[in-house]
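A.B. asks: Chains as they are written, first to last, in our numbering: chain V, -1 to 344; chain F, -1 to 344; chain H, -1 to 344; chain G, -1 to 344. Glycine is no exception: its CB is placed at the ideal position from the N, C-alpha and C atoms.
Protein chains: 4
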Amino acid sequence: MIKVGVVGGTGYTGVELLRILAGHPAVKLTAITSRGEAGQRVSDMFPSLRRRVDLHFVAPEDAALEQCDAVFFATPNGVAMKQAAALVAAGVRVIDLAADFRLRDVAEWEKWYGMRHAAPELVAEAVYGLAEVNREEIRKARVLANPGCYPTAVQLGLLPLVEAGVVALDCLIADAKSGVSGAGRKAAVANLYVEATDSFKAYGVGGHRHLPEISQGLSRAAGGRAIGLTFVPHLTPMVRGIHATLYARLTREVSEADLQALFEARFAGETFVDVMPPGSHPETRSVRASNDCRIAVHRPQGGDTVVVLSVIDNLVKGAAGQAVQNMNIMFGEEESLGLVMLPVSP
Amino acid sequence: MIKVGVVGGTGYTGVELLRILAGHPAVKLTAITSRGEAGQRVSDMFPSLRRRVDLHFVAPEDAALEQCDAVFFATPNGVAMKQAAALVAAGVRVIDLAADFRLRDVAEWEKWYGMRHAAPELVAEAVYGLAEVNREEIRKARVLANPGCYPTAVQLGLLPLVEAGVVALDCLIADAKSGVSGAGRKAAVANLYVEATDSFKAYGVGGHRHLPEISQGLSRAAGGRAIGLTFVPHLTPMVRGIHATLYARLTREVSEADLQALFEARFAGETFVDVMPPGSHPETRSVRASNDCRIAVHRPQGGDTVVVLSVIDNLVKGAAGQAVQNMNIMFGEEESLGLVMLPVSP
Amino acid sequence: MIKVGVVGGTGYTGVELLRILAGHPAVKLTAITSRGEAGQRVSDMFPSLRRRVDLHFVAPEDAALEQCDAVFFATPNGVAMKQAAALVAAGVRVIDLAADFRLRDVAEWEKWYGMRHAAPELVAEAVYGLAEVNREEIRKARVLANPGCYPTAVQLGLLPLVEAGVVALDCLIADAKSGVSGAGRKAAVANLYVEATDSFKAYGVGGHRHLPEISQGLSRAAGGRAIGLTFVPHLTPMVRGIHATLYARLTREVSEADLQALFEARFAGETFVDVMPPGSHPETRSVRASNDCRIAVHRPQGGDTVVVLSVIDNLVKGAAGQAVQNMNIMFGEEESLGLVMLPVSP
Amino acid sequence: MIKVGVVGGTGYTGVELLRILAGHPAVKLTAITSRGEAGQRVSDMFPSLRRRVDLHFVAPEDAALEQCDAVFFATPNGVAMKQAAALVAAGVRVIDLAADFRLRDVAEWEKWYGMRHAAPELVAEAVYGLAEVNREEIRKARVLANPGCYPTAVQLGLLPLVEAGVVALDCLIADAKSGVSGAGRKAAVANLYVEATDSFKAYGVGGHRHLPEISQGLSRAAGGRAIGLTFVPHLTPMVRGIHATLYARLTREVSEADLQALFEARFAGETFVDVMPPGSHPETRSVRASNDCRIAVHRPQGGDTVVVLSVIDNLVKGAAGQAVQNMNIMFGEEESLGLVMLPVSP
């Protein structure tokens, strides 16, 4: 059994991680920390866990995390980078669901995240946890940077095109729509039911932190070439789900059938990526509460613009599920262990 | 392995049954019938089942259902009653998720359901599948009448009071609220998104088919005495979930603490019924996609009206999950086998 | 023109009041106060008011409210009671949308609201603003207590029965469901989109502040007799709307037709109360964004329990619209002036 | 008073038209036709109209439409084209909310709409009713083609860029999101509450009928040059509203400030188009139930891609409201008469 600790289990990513870990056959959940909630039963805060998760939140200093095999950080940005070094030194493998180790360029990270990085030396060794790209490196990672939700959906959708070198890299467009759980479980007027329901809006058009993360991943896939990406996130009135609508211009003739074949070949053998048949329109609910990503590729009106539709559950493949997928790889388990959850639809 | 057939798998109850059965370790799903969809892949209709349920719908006559161990009917009312006798004769155990075998009084059934009953002799032997009342009879049932969604939530909430004989039986009130999936997957203007969202209404105040079913169950719990129940169902803009708010008048003094103890004792040992601590207000989402029922009991302002709050997921404990719970009992499996699904919340 | 000031315009009641007042032909909106937002354009906070409401929030001390004809308080409880006396002394008529002047029994008010009342002498003269009961007194009110949202829906639904003396007063039940805007525009985790959507729950079963207000009104209608009321509020995932399902026991035989006639007679001539035809089930959306209350009366299964369904928009007839209705009466205007807004449905 | 008839008042566009016309001070609503509902009270189908619209549906042949001044067609595509000629001959001015007269190229219309056009001669004289482009022609139109919902939002957002000639015309992208009311009030499984809520999807990526309509309008704005547009519509779980996110590549340097000025100048004096301040993200709810269009323009990261955000209420500015705006122009009334409805938000 893998002894697992969770730092910060009071947000939506945290409770989803608990839901998955509680049903994972190879995991022994040993500690959940929260300074603010120390002493409270976890299931008092999340009644959905009643009689299934019998743990109390503990203060970080009482958690004996260094005795765990793996520690997940489901914390705000800037927390894991302060604690990771000590855990790594104690032989613990760290999986950060926040952004601390996602960007290899520390200066760029500091610009986008507005703080000084506390562990630049760990950034250098950290592994970006997109298994569909990086599986071998993940296996031996000591510090795992779990991808952001938008970057997961956008990269999986664009990788086949970028890797194949068939689209222009200077005018990629990612028009992405997220459910409200992506905004986290913090009390803010903008996230109130009455503010967010029955309405639709873009946000962060001027610049969003997931932009450099996506560009880094696509640039790597393009052999280091620069990426010109316009990324516009939107808030849509639903709980879970990301729908990325991706636009790229073909630089040479590729038929719609060949595009389809390109995507199918790229993800053949991937447990969690489902390339749908030609003409499909994946719905976010078709992946709800599961670790799946569904993708469809179109070439409308025979023009030179390719449209890719990519959907995930932001809390699962976009956060907690992908983190457990990475843990499975790191500990030599079957990659899908504890993750074969059928989507809940309707 | 239990060889299972499903008749009518194209509604919400059907797809939920498939989701649960597909993950059940002791079940081999052998056939899904649908006359209208024969030949179609099940996962083409329900993309959430892609790569997990690899079956096609077959016409009923091609399904070889008589070779199954158990056949579930996830059909409209009036279908199972026509096919059950032949299956029972072939040694198949029949689990009907519709209403055909729920009412012991055939004349009353015919009045409420507006059709002639095709198998009154099976009504006599059919077992009502509320395990928390009826476990022993279920074990040997050949025809299992799976309870309605409202009747499940209402009976579980009122049984402790009625069995203990502490409330007036002539003025029980069940004010129940259901998510829209309870209305089924039929194309009707009233169930359109635009009609049902962001609004709330009662329906069927003059009389609803679940009224006699609830009264029958409570009467049985009251040793056969008559029940005077006012049952008002409502439609609330959510997908899954029933919230029953139940009102009963005490006929003798019982303190709030004793009421709490009464409920806790009644459901001690029940895997799927969770009596919450005093002062609780269960939310439907705390049982979403799970087979749990959560109950809280109140005595507001120290008056003689008891208020019970009871929540279930209508598609699980109110339909498909409870049907699988009954199958487990009927086939001697652990009652919770394949049903330990943590609620999906948020 | 009636010169109007608004104290506290940053909540949902406030912005709805602005929407209505901005279109009112006899109103000149002169000041909106908010200490926290002083200097900000109102339409920067509420873009729906852009180019229609050209005002800035001002600090209360800069608002010259005493020069208004009427001042609305769309503030938390406990604010109006501190400022009303000075305004009344200056000849301003005060309309409080909060609860400060709703309960005639100051001790009971202090018990339920948990604070000392600052103006008990004004409580004595304040008029409860339910025009369908109180129209003549409202005409000359200097301090108007605008009813709560639940009390409006519940009282209008029960008044005909209570006034006619045909139901038992000791076991009335009000099972009420509110949209989330009733919880106000404050940043609280419980009101987040992700917490409130796709779920249903009761709250405050042990005791809710609107209980004494309803009881006071019904008792008055019953000639001062005591009222035994069980009031259970629920939160339903929609923005606007209250649906009250009301249960009362007949104390003498009254046919369903006579009940219908009773309700129709009671509200004949009322502009904002619509008694629907027998067998109706009013939906909250049928009154959305309007000042209407729709009511239907049932006697299910011919039993002695009467069921009344009463729906309003909590922000309009339950708050801002009713306040403007009261203002119209107080200033001798047509009662419906500026309030003939057709419901927005869908 | 303008004597108005409505053909087909049973859909969402129809009921919204009735809501607006019922409050319009210069309109006398004389007939509403529906073959299927002839004889039924309009307010029995739409309770929100109770006591405000006192009309019955009549069969088309009983409606005496030729005695109206204006007749609105709120019908499926293909109806108006059959009846318009007779009405025009009788001196009636026809306003078609469907697509029959929107495309000038009859062959292209027949390809996209899959039927033979019944009145090509009227297509030639019909006027496209986008007042912000076409006001003078609208004034004297006998047949008015009211624009589609997506085309309204997309054209208003792109027109300033296209007219100014500052963007490439061969790679325009319109990623548009619509509320579910856009799918109409027909009983179809795909539009059920349970199917459409809490999920997000694209549809019609291969080709949508609004594509040629948008291209026609933009081409006209570009002096007849060809338009290369990728248009991807999506369904988002809300009732009303369209959010168009528009992407265009600059062909010469235009600063963000100059883009802002360009938009402000283009729509100066337009009653119903609100160019928001730099950095804004309009929400669909900020125009709910109003005839407004709100637009914001961005140039993210200083790149050469311009992003325009454009929101409307699809039932108002995208249908019924715009139709009334056109009627006002056609009959010499103030353009905003009966349309100064403040958005309902929340």
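Could you give the residue range of the alpha helix (DSSP H) that holds R264 of chain V?
C.D. replies: The residue you call residue 264 of chain V lines up with position 266 of the first sequence. Taken as a continuous stretch (DSSP letters only), the alpha helix (DSSP H) holding R264 of chain V covers 254 to 265.
A.B. asks: Once DSSP output is grouped into helix, strand and coil, what is the label at H115 of chain F?
C.D. replies: Looking up residue 115 of chain F in the second sequence gives position 117. Here H115 of chain F sits in coil by DSSP.
A.B. asks: With contact counted as at least three CB pairs below 8 Å, one residue from each stretch, are the region 304 to 316 of chain H and the region 244 to 252 of chain H in contact?
C.D. replies: Touching, per the Cβ criterion.
A.B. asks: Would you mind telling me which residues of chain G sit closer than 7 Å to A200 of chain V, beta carbon to beta carbon, in chain order?
C.D. replies: As a position in the first sequence, residue 200 of chain V is number 202, starting the count at 1. What A200 of chain V touches in chain G: T243, H279, L307.
A.B. asks: Is G247 of chain H helix, strand or coil by DSSP?
C.D. replies: Counting from 1 along the third sequence, the entry for residue 247 of chain H is found at position 249. The sequence shown places Arg at residue 247 of chain H, rather than the Gly named in the question. Here R247 of chain H sits in strand by DSSP.
A.B. asks: Do you know whose CA, among F:G12, F:V40, F:V125, F:D256, lies nearest P74 of chain F's CA?
C.D. replies: Taking the first residue of the second sequence as 1, we reach residue 74 of chain F at position 76. Residue F:G12 is the option with its Cα nearest to P74 of chain F.
A.B. asks: So, under 8 Å CB-CB, S176 of chain H and P231 of chain H are touching, yes? Tell me the CB distance rounded to an integer number of Å.
C.D. replies: Residue numbering aside, residue 176 of chain H sits at position 178 when the third sequence is read from its first letter. Residue numbering aside, residue 231 of chain H sits at position 233 when the third sequence is read from its first letter. Their Cβ separation, rounded to whole angstroms, is 6 Å, which keeps S176 of chain H and P231 of chain H in contact under 8 Å.
A.B. asks: Between P74 of chain V and chain F, is there a C-beta pair that is closer than 7 Å?
C.D. replies: Mapped onto the first sequence, residue 74 of chain V falls at position 76. False, the Cβ-Cβ gap to chain F never drops below 7 Å.
A.B. asks: Can you tell me whether M(-1) of chain F is buried or exposed, with buried defined as 16 or more other CB within 10 angstroms of its CB?
C.D. replies: Here the question's residue -1 of chain F lines up with position 1 in the second sequence. Counting Cβ neighbours within 10 Å, M(-1) of chain F comes out exposed, since fewer than 16 surround it.
A.B. asks: According to the neighbour-count rule (16 or more other Cβ atoms, all chains shown, within 10 Å of its Cβ), is A97 of chain G buried or exposed?
C.D. replies: Start at 1 with the first residue of the fourth sequence, and residue 97 of chain G comes out as number 99. Under this definition A97 of chain G is a buried residue.
A.B. asks: My output table needs one value for H208 of chain V: the three-state DSSP class, helix, strand or coil.
C.D. replies: Along the first sequence, one-based indexing puts residue 208 of chain V at 210. The answer is helix: DSSP assigns H208 of chain V an H, G or I state.
A.B. asks: Give the residues from the region 284 to 299 of chain V that approach chain F closer than 9 Å (Cβ to any Cβ), ordered along the chain.
C.D. replies: Correct list: S284, V285, R286, A287, S288, D290, R292.
A.B. asks: Only counting the same chain, and skipping five residues up and downstream in sequence, which positions put a Cβ closer than 7 Å to that of P355 of chain V?
C.D. replies: This structure cannot speak to residue 355 of chain V, because chain V is shown only from -1 to 344.
A.B. asks: On the three-pair Cβ rule with 8 Å, is the region 51 to 71 of chain G touching the region 80 to 91 of chain G?
C.D. replies: They touch, by the three-pair rule.
A.B. asks: Looking at chain G, which residues of the region 35 to 57 of chain H have a Cβ within less than 8 Å of any of its Cβ atoms?
C.D. replies: So the close ones are F44, P45, S46, L47, R48, R49, R50.
A.B. asks: Would you give the residue range spanned by the beta strand (DSSP E) that K175 of chain F belongs to?
C.D. replies: Start at 1 with the first residue of the second sequence, and residue 175 of chain F comes out as number 177. Element bounds for K175 of chain F: 170 to 176.
A.B. asks: Report buried or exposed for V338 of chain V, applying the criterion of at least 16 other Cβ atoms within 10 angstroms of its Cβ.
C.D. replies: Position 340 of the first sequence, counted from the first residue, corresponds to residue 338 of chain V. By the 10 Å Cβ count, V338 of chain V comes out exposed.
A.B. asks: Is it a yes or a no for the region 266 to 286 of chain V touching the region 195 to 212 of chain V, going by three-plus beta-carbon pairs under 8 Å?
C.D. replies: In short, these stretches do not touch, since the Cβ pair count stays below three.
A.B. asks: Count the other CB atoms, across all protein chains shown, that sit within 10 Å of the CB of T150 of chain F; report buried if there are 16 or more and exposed otherwise.
C.D. replies: Looking up residue 150 of chain F in the second sequence gives position 152. Buried, because 16 or more other Cβ atoms sit within 10 Å of the Cβ of T150 of chain F.
A.B. asks: Ends of the alpha helix (DSSP H) at I327 of chain F?
C.D. replies: Here residue 327 of chain F refers to the residue found at position 329 of the second sequence. Unbroken alpha helix (DSSP H) run through I327 of chain F: 319 to 328.
A.B. asks: List the residues of chain G whose Cβ lies closer than 7 Å to the Cβ of A20 of chain H, in chain order.
C.D. replies: The residue given as residue 20 of chain H occupies position 22 in the third sequence. What A20 of chain H touches in chain G: L340.
A.B. asks: If you measure beta-carbon to beta-carbon, which residues of the region 177 to 198 of chain F are closer than 7 Å to chain G?
C.D. replies: From the region 177 to 198 of chain F, only V178, S179, R183, A185, A186, V187, N189, L190, Y191, V192, A194, T195, D196 have a Cβ closer than 7 Å to chain G.
A.B. asks: Just tell me which of H:A29, H:I18, H:L19 has its CA closest to the CA of G6 of chain H.
C.D. replies: Along the third sequence, read from residue 1 onward, the residue named residue 6 of chain H stands at position 8. Checking every option, the nearest Cα to that of G6 of chain H belongs to H:A29.
A.B. asks: Are there any heavy atoms of the ligand NAD lying less than 6 Å away from the beta-carbon of L85 of chain H, as far as the coordinates show?
C.D. replies: The ligand NAD is not part of the structure shown, which contains no ligands of any sort.
A.B. asks: Would you mind telling me which residues of chain F sit closer than 8 Å to D272 of chain V, beta carbon to beta carbon, in chain order?
C.D. replies: In the first sequence, residue 272 of chain V corresponds to position 274, counting from 1. Simply R48, R49.
A.B. asks: Say whether the region 317 to 326 of chain H touches the region 130 to 145 of chain H, bearing in mind that this needs 3 or more beta-carbon pairs closer than 8 Å, one atom from each stretch.
C.D. replies: Touching, per the Cβ criterion.
A.B. asks: Should A166 of chain G and T249 of chain G be called a contact, given that it needs their Cβ atoms to be closer than 7 Å?
C.D. replies: Locating residue 166 of chain G in the fourth sequence gives position 168, counting from the first residue. Locating residue 249 of chain G in the fourth sequence gives position 251, counting from the first residue. Yes, the Cβ-Cβ distance between A166 of chain G and T249 of chain G is below 7 Å.
A.B. asks: What are the residues of the region 215 to 243 of chain F that lie near chain V, defined by any Cβ-Cβ distance shorter than 8 Å?
C.D. replies: Listed by position, the residues of the region 215 to 243 of chain F near chain V (Cβ gap below 8 Å) are V237, R238.
A.B. asks: Relative to chain V, which residues along the region 6 to 32 of chain H have a C-beta separation below 9 Å, given in chain order?
C.D. replies: For the region 6 to 32 of chain H, which is checked against every Cβ of chain V, the residues closer than 9 Å are Y10.
A.B. asks: Shorter than 7 Å from the beta carbon of V203 of chain V to some beta carbon of chain G?
C.D. replies: Counting from one through the first sequence, the residue named residue 203 of chain V turns up at place 205. Taking Cβ atoms only, chain G reaches closer than 7 Å to V203 of chain V, which makes this a yes.
A.B. asks: Do R207 of chain H and Y10 of chain H have their C-beta atoms closer together than 7 Å?
C.D. replies: By 1-based counting over the third sequence, the position of residue 207 of chain H is 209. By 1-based counting over the third sequence, the position of residue 10 of chain H is 12. Cβ atoms of R207 of chain H and Y10 of chain H: not closer than 7 Å.
A.B. asks: If you follow the alpha helix (DSSP H) that C291 of chain V is part of, which residue opens it and which one closes it?
C.D. replies: Start at 1 with the first residue of the first sequence, and residue 291 of chain V comes out as number 293. First-last for C291 of chain V: 291 to 296, but that is the beta strand (DSSP E), not the alpha helix (DSSP H).
A.B. asks: Is there contact between the region 119 to 138 of chain G and the region 188 to 198 of chain G, where contact requires at least three CB pairs shorter than 8 Å?
C.D. replies: Cβ pair count under 8 Å is below three, so no.
A.B. asks: How many whole angstroms separate the CB atoms of L101 of chain V and V92 of chain V, which I take to be in contact at a CB cut-off of 8 Å?
C.D. replies: Residue mapping note: residue 101 of chain V aligns to position 103 of the first sequence, counting from 1. Residue mapping note: residue 92 of chain V aligns to position 94 of the first sequence, counting from 1. Between V92 of chain V and L101 of chain V the Cβ distance is about 17 Å, and since that is not below 8 Å, they are no contact.
A.B. asks: Beta strand (DSSP E) containing D94 of chain F: first to last residue?
C.D. replies: Start at 1 with the first residue of the second sequence, and residue 94 of chain F comes out as number 96. Looking at the DSSP string, the run of the beta strand (DSSP E) that includes D94 of chain F is 91 to 94.
A.B. asks: Would you mind stating whether D94 of chain F and K1 of chain F have Cβ atoms separated by less than 7 Å?
C.D. replies: Counting from one through the second sequence, the residue named residue 94 of chain F turns up at place 96. Counting from one through the second sequence, the residue named residue 1 of chain F turns up at place 3. Result no, Cβ atoms of D94 of chain F and K1 of chain F do not sit closer than 7 Å.
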